[in-house]
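Colleague: Mapping of the sequence shown onto numbering that gives the first Met the number 0: position 63 corresponds to residue 62, and the numbering continues sequentially without gaps.
All residues carry an ideal CB built from backbone N, CA and C; glycine is no exception.
Computed from a prediction, not measured in an experiment: that's the story for all the values here.
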Amino acid sequence: MSQTVKTEQDQPIGKTFSFMFVFKRYPIIPALCLLPVIICGIFGPLFYPHDPTMMNLGSALKPPAFLPGGEFSYFLGTDHMGRDLLSRLIEGARISLLISVFGVLLSGLIGCSLGMLAGYMGGKADEVIMRVVDAQMSIPAILLTILLAAALGVGVTTIIVAISVVFWTGYARVIRGETVSLKQREFVVLAKVTGCSKARILIRHIFPNLISTITVLATLQLGRAILIEASITFLGVGLQPPDTAWGLMISEGRMYMATAWWIPTFAGLAIMATVLGSNLMGDWLRDKFDPKLRQL
Numbered sequence: 000m001s002q003t004v005k006t007e008q009d010q011p012i013g014k015t016f017s018f019m020f021v022f023k024r025y026p027i028i029p030a031l032c033l034l035p036v037i038i039c040g041i042f043g044p045l046f047y048p049h050d051p052t053m054m055n056l057g058s059a060l061k062p063p064a065f066l067p068g069g070e071f072s073y074f075l076g077t078d079h080m081g082r083d084l085l086s087r088l089i090e091g092a093r094i095s096l097l098i099s100v101f102g103v104l105l106s107g108l109i110g111c112s113l114g115m116l117a118g119y120m121g122g123k124a125d126e127v128i129m130r131v132v133d134a135q136m137s138i139p140a141i142l143l144t145i146l147l148a149a150a151l152g153v154g155v156t157t158i159i160v161a162i163s164v165v166f167w168t169g170y171a172r173v174i175r176g177e178t179v180s181l182k183q184r185e186f187v188v189l190a191k192v193t194g195c196s197k198a199r200i201l202i203r204h205i206f207p208n209l210i211s212t213i214t215v216l217a218t219l220q221l222g223r224a225i226l227i228e229a230s231i232t233f234l235g236v237g238l239q240p241p242d243t244a245w246g247l248m249i250s251e252g253r254m255y256m257a258t259a260w261w262i263p264t265f266a267g268l269a270i271m272a273t274v275l276g277s278n279l280m281g282d283w284l285r286d287k288f289d290p291k292l293r294q295l
């Protein structure tokens with residue numbers, strides 16, 4: 000009687016629980032990067048250890064609590080004016096979240112509307128809208144934002160408008176291509192046959208099929224908006240004191256890098272984590288919404 004020897008290759012292979020499986024299935028890293036910003040942006044005043052605008056020259060340039068000479072009451076240290084850096088980081092998160100969310104929403108509204116119009120109508124409307132998109136996209140985003148901010152004046156509203164003007168072209172280009180593809184589908188053709196108006200077709204039939212694409216675009220644009228806001232504030236044409244912003248903290252702290260490195264460093268890390276989380280979340284959503292890219 001012959002005996003059958005089972006090898007490891009003959010054993011059934013089941014789906015094993017692993018860290019890699021968890022990271023692919025759930026957006027853990029993006030959530031860890033974005034949740035602190037969202038929580039601080041919504042509930043910021045509840046977490047202030049100190050007033051973020053209160054100056055105390057007697058406590059200026061205190062190091063973080065984990066360095067010699069630091070105090071636990073100023074956990075991340077203080078700046079050159081004695082203001083608590085942790086409180087200013089939290090307040091900066093509120094400003095960044097406000098500007099980025101409203102800027103992305105407004106740009107998405109403009110870009111998606113014009114992109115759907117260009118893709119569905121075609122002809123001269125498509126030609127005019129896309130030539131405007133091409134012309135604007137030839138100008139670097141940061142340069143156009145600086146020009147708009149300098150022309151309209153400083154302030155939160157100005158930055159939101161500038162970001163909207165810069166970002167709508169990205170939505171318009173992508174949504175226009177998606178709309179051209181969707182309008183040739185059978186359900187749109189049948190809607191035309193039944194006598195639906197163009198507005199009804201765009202709103203009731205085409206727009207719902209664009210939501211996944213719009214969500215991915217908005218998530219990716221969120222990080223870019225924060226980065227642009229910080230950049231123009233750093234260059235002096237964005238938010239101004241006594242407002243609190245991450246770019247302003249870096250701008251004020253760059254002169255103290257040799258003696259108080261913590262002033263610009265923590266703000267820079269906050270920007271990096273937020274932009275990284277936004278990009279990773281956008282990539283994760285793209286993989287989940289696109290069956291061709293879905294791995295699990």
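Assign T77 to one of three DSSP states: helix, strand, or coil.
Modeller: Residue state, collapsed to three classes: strand.
Colleague: Let me make sure I understand the geometry here. Which of S230, F186, F288 and R223 has the alpha-carbon closest to that of V103?
Modeller: The option with the nearest alpha carbon to V103 is R223.
Colleague: Would you be able to state if there are at least three C-beta pairs under 8 Å between the region 64 to 83 and the region 139 to 151?
Modeller: As far as the Cβ criterion goes, the region 139 to 151 does not touch the region 64 to 83, which means the pair count is below three.
Colleague: Considering Cα atoms alone, identify which of I94, E251 and W283 is closest to T156.
Modeller: Comparing Cα positions, the closest option is I94.
Colleague: I'd like to know whether the C-beta atoms of G237 and V153 end up nearer to each other than 8 Å.
Modeller: The answer is yes: Cβ separation under 8 Å.
Colleague: Could you check where the alpha helix (DSSP H) with D133 kicks off and where it finishes?
Modeller: D133 -> alpha helix (DSSP H) spans G122 to M136.
Colleague: Can you tell which of S250, M256, K287 and D242 has its C-alpha closest to the C-alpha of I89?
Modeller: Closest by alpha carbon: D242.
Colleague: In three-state DSSP terms, what is D50?
Modeller: If DSSP states are grouped into helix, strand and coil, D50 belongs with coil.
Colleague: So V153 is in the alpha helix (DSSP H); what residue range does that whole segment cover?
Modeller: Where V153 is concerned, there is no enclosing alpha helix (DSSP H), given that its DSSP letter is neither H nor E.
Colleague: What do you reckon, are the CB atoms on L33 and M271 nearer than 8 Å?
Modeller: No, these two residues do not count as a Cβ contact at 8 Å.
Colleague: Span of the alpha helix (DSSP H) holding F186?
Modeller: From DSSP, the alpha helix (DSSP H) with F186 extends over E185 to V192.
Colleague: Name the two residues that bound the continuous alpha helix (DSSP H) containing V274.
Modeller: Residues W261 to F288.
Colleague: Decide if R130 is buried, meaning its Cβ has at least 16 other Cβ atoms within 10 Å, or exposed.
Modeller: It is exposed - the Cβ of R130 has fewer than 16 other Cβ atoms within 10 Å.
Colleague: Would you report the Cα separation of L181 and A198, rounded to the nearest angstrom?
Modeller: Rounded to whole angstroms, L181 to A198 spans 15 Å at the Cα level.
Colleague: Taking only the alpha-carbon atoms, compute the straight-line gap between L219 and L151 and give it to the nearest angstrom.
Modeller: Looking at the two C-alpha atoms, the distance is approximately 26 Å.
Colleague: Alpha carbon to alpha carbon, what distance is there between L105 and G114?
Modeller: Near 14 Å, if we compare the C-alpha coordinates of L105 and G114.
Colleague: Tell me the rounded alpha-carbon separation between V36 and G121.
Modeller: If I take the Cα positions, the gap works out to 41 Å.
Colleague: Buried or exposed for T77, going by 16 or more other Cβ atoms inside 10 Å?
Modeller: Answer is buried; the Cβ neighbour count reaches 16.
Colleague: Taking 7 Å as the line, does the beta carbon of R253 fall inside it for any heavy atom of the ligand ATP?
Modeller: This structure lacks the ligand ATP; in fact it carries no ligand of any kind.
Colleague: Cα separation between M53 and Y47?
Modeller: If I take the Cα positions, the gap works out to 12 Å.
Colleague: Excluding the five sequence neighbours on either side, which residues of its own chain have a C-beta within less than 7 Å of the C-beta of Y170, listed in chain order?
Modeller: Taken in chain order, the residues that qualify are S106, G107, G110, C111, G114 and L216.
Colleague: What's the C-alpha gap between A149 and L226?
Modeller: So the alpha carbons of these two residues sit roughly 18 Å apart.
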